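Following: one structure in structure tokens, then a few remarks.
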Amino acid sequence: MLIISEKANISRMADIEPSVRGTRIVVEEGVMIDSFVKIKCVGGTGDIYIGKNTYINSCCVLYSGNGLTIGQDVLIAANCTFAPVNHEYRSKDKIIKEQRFMPSRGGIIIEDDVWIGANCVLLDGATVRKGCVVGANSLVKGELEPYSVYVGSPCQKVGVRK
Numbered sequence: 001m002l003i004i005s006e007k008a009n010i011s012r013m014a015d016i017e018p019s020v021r022g023t024r025i026v027v028e029e030g031v032m033i034d035s036f037v038k039i040k041c042v043g044g045t046g047d048i049y050i051g052k053n054t055y056i057n058s059c060c061v062l063y064s065g066n067g068l069t070i071g072q073d074v075l076i077a078a079n080c081t082f083a084p085v086n087h088e089y090r091s092k093d094k095i096i097k098e099q100r101f102m103p104s105r106g107g108i109i110i111e112d113d114v115w116i117g118a119n120c121v122l123l124d125g126a127t128v129r130k131g132c133v134v135g136a137n138s139l140v141k142g143e144l145e146p147y148s149v150y151v152g153s154p155c156q157k158v159g160v161r162k
């Protein structure tokens, strides 16, 4: 189910696939979704929620998986991937795609007033607390402290916003 505010600005070149399993995609007012953003319901029944005045730049990919919550006033640079799901792979007796998905690690939660730099990857279980800055080319797979600055793969704290 798609619930998109009339006051959201979504490029005609963005691709939002509605769910066939009941996942909700909610886009609040003031959201800007740029060209070539892909939003895909796959890997679970989690919802995708994008809070007010959030900007998602070109070529980002957002999967629903175990749920993706993006707060208000979040800035997401180009080419970021949000994957709140993990393929199961441990059995040698089945090919990977037949093993489906691992249990949830809680989805992805991004709180308000966050900036995520270009080419970042956020995985299932990632929590980015209010006011964080995540530097370009970072991998986020755990919890990041509020108002802190992180870089690298995996993310390492390098400072605090003042």
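The opening residue of the sequence shown carries number 1 in the UniProt record's numbering; numbering runs sequentially from there. For each residue, glycine too, the CB sits at the ideal point set by N, CA and C. Owing to the predicted nature of the structure, the values given are computational and were not obtained by experimental measurement.
- Task: Whole angstroms is fine: what's the gap from Ala36's alpha carbon to Gly46's?
- Result: Numbered from its first residue, the sequence shown carries residue 36 at position 36. Numbered from its first residue, the sequence shown carries residue 46 at position 46. Sequence inspection shows Phe at residue 36; the Ala mentioned does not correspond to that position. Rounded to whole angstroms, Phe36 to Gly46 spans 22 Å at the Cα level.
- Message: Count Cβ pairs between the segment 43-57 and the segment 65-76 that sit closer than 8 Å; are there 3 or more?
- Response: yes
- Item | Residues near Cys155 in its chain [Cβ-Cβ closer than 7 Å; skip 5 each side] | As a first step, residue 155 is located in the sequence shown; it is residue number 155 there, counting from the start. Excluding sequence neighbours, Cys155 sits near Val134, Ser138, Leu139, Val140, Leu144.
- Go to Ala14, then tell me how far its beta strand (DSSP E) extends in each direction, as first and last residue. The residue given as residue 14 occupies position 14 in the sequence shown. Premise fails: Ala14 is in no beta strand (DSSP E) and is neither H nor E.
- Which residues in the same chain as Asp112 place their Cβ atom closer than 6 Å to its Cβ, once the five residues preceding and following it in sequence are excluded? Locating residue 112 in the sequence shown gives position 112, where the first residue counts as 1. Result list for Asp112: Gly71, Gln72, Asp73, Lys130, in chain order.
- If you count every other CB in all the chains shown that lies within 10 Å of the CB of Val128, and 16 or more means buried, which is it? Mapped onto the sequence shown, residue 128 falls at position 128. Buried is the call here.
- Item | Neighbourhood of Ile109 by C-beta distance below 6 Å, restricted to the same chain and skipping five residues each side | Against the sequence shown, residue 109 aligns to sequence position 109. For Ile109, the CB contacts under 6 Å within the same chain, skipping 5 residues up- and downstream, are Thr69, Thr127 in chain order.
- Query: Whose CA, out of Gly125, Leu75, Val149, Pro18, lies closest to the CA of Ala83?
  - Reply: For this step, residue 83 is matched to residue 83 along the sequence shown. The option with the nearest alpha carbon to Ala83 is Gly125.
- Query: In three-state terms, what does DSSP make of Glu98?
  - Reply: On the sequence shown, position 98 is the one that residue 98 refers to. Here Glu98 sits in helix by DSSP.
- Query: For the beta strand (DSSP E) that Ala77 lies in, which residues bound it at each end?
  - Reply: Numbered from its first residue, the sequence shown carries residue 77 at position 77. Unbroken run through Ala77: none, as it is neither H nor E.
- Task: Taking the CB atoms as reference points, tell me whether Ser11 and Ile25 lie closer together than 8 Å.
- Result: The residue labelled residue 11 in the question sits at position 11 within the sequence shown. The residue labelled residue 25 in the question sits at position 25 within the sequence shown. Taking 8 Å as the cut-off, the Cβ atoms of Ser11 and Ile25 do not count as close.
- So, do the segment 83-97 and the segment 15-31 have three or more beta carbon pairs nearer to each other than 8 Å? no
- Item | Per-residue DSSP class, three states only, for Ser148 | Against the sequence shown, residue 148 aligns to sequence position 148. If DSSP states are grouped into helix, strand and coil, Ser148 belongs with the strands.
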